[in-house]
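J.: Following UniProt numbering, the numbering of the sequence shown begins with 1 at its first residue and continues without gaps.
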Amino acid sequence: MSGTLVDARGLHCPLPVIRLAAAAKGLPAGTELTVLSTDPAAKLDVPAWCRMRGHEHVSTVEHTGDRDGWAVTVRLA
1 MSGTLVDARG
11 LHCPLPVIRL
21 AAAAKGLPAG
31 TELTVLSTDP
41 AAKLDVPAWC
51 RMRGHEHVST
61 VEHTGDRDGW
71 AVTVRLA
């Protein structure tokens, strides 16, 4: 499995999910993508996107300090 990082820090809803969807387009099943976001809505919106698209929400990790925000990881189906 390969991994992809989507840096959506500083962007507001719905842009983190839009960036995630664009990055996921054409990638094979099993690929993991991690979205970095400072928008609190992303920790809910990304898992909802996974449910709607049949992908797996792997984890949501909150970061503080230099990387305030969340890292939300998904695995494509």
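Ideal placement from N, C-alpha and C gives every residue a C-beta, glycine not left out.
Less than 8 Å between the CB atoms is what I'm expecting for G16 and V46, so what's the real figure, rounded?
T.: Reading off the sequence shown, one finds Pro at residue 16, where the question assumed Gly. About 7 Å separates the two Cβ atoms, so the contact holds.
J.: Reducing DSSP to helix, strand and coil, say where L76 ends up.
T.: Coil, per DSSP.
J.: On a CA-only basis, which of T34, L27, G10 and W49 is nearest P40? Give me that one, please.
T.: Of T34, L27, G10 and W49, the residue nearest in Cα terms is G10.
J.: Of the choices H55, L33 and L27, whose alpha-carbon is the least far from that of T4?
T.: T4 has its Cα closest to that of L33, out of H55, L33 and L27.
J.: CA-CA distance, L27 and C50?
T.: Distance between the alpha carbons of L27 and C50 is about 15 Å.
J.: Would you list the residues sitting across from H63 in a DSSP beta bridge?
T.: Paired residues: G69.
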